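Numbering (the numbering used here), first residue to last: 28 to 77.
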């Protein structure tokens, strides 16, 4: 469920920078998704260190 929410957000953010019908939209969406997942993991790690 959490991954789906992150990937929906990645699609929305990627659509801001690249048109949805562009040939490389899937690549940009995947890159944004990986960046968002990495950010979530980093935030969870920082929270657990407290």
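All C-beta atoms in this analysis are idealised placements derived from N, C-alpha and C, irrespective of residue type, glycine included. Please read all numbers here as calculations on a predicted model, not as lab measurements.
Is residue i near the ligand HEM, judged by its Cβ being under 6 angstroms from some heavy atom?
{"i": "residue 67", "result": "Among the ligands in the structure shown, none appear at all, so the ligand HEM cannot be discussed."}
Identify, in the order they occur along the chain, each residue of the same chain with its Cβ nearer than 7 angstroms to the Cβ of residue i, setting aside the five sequence neighbours on each side.
{"i": "residue 64", "result": "33"}
Using CA atoms only, rank isn't needed, just tell me which of the options is closest to residue i.
{"i": "residue 62", "options": "28, 31, 37, 29", "result": "37"}
{"i": "residue 41", "options": "60, 28, 75", "result": "60"}
Evaluate residue i with the Cβ neighbour count: other Cβ atoms within 10 Å of its Cβ, from every protein chain shown; 16 or more gives buried, anything less gives exposed.
{"i": "residue 56", "result": "buried"}
{"i": "residue 53", "result": "exposed"}
Can you give me the start and stop residues for the alpha helix (DSSP H) that residue i sits inside?
{"i": "residue 68", "result": "52 to 76"}
{"i": "residue 41", "result": "29 to 44"}
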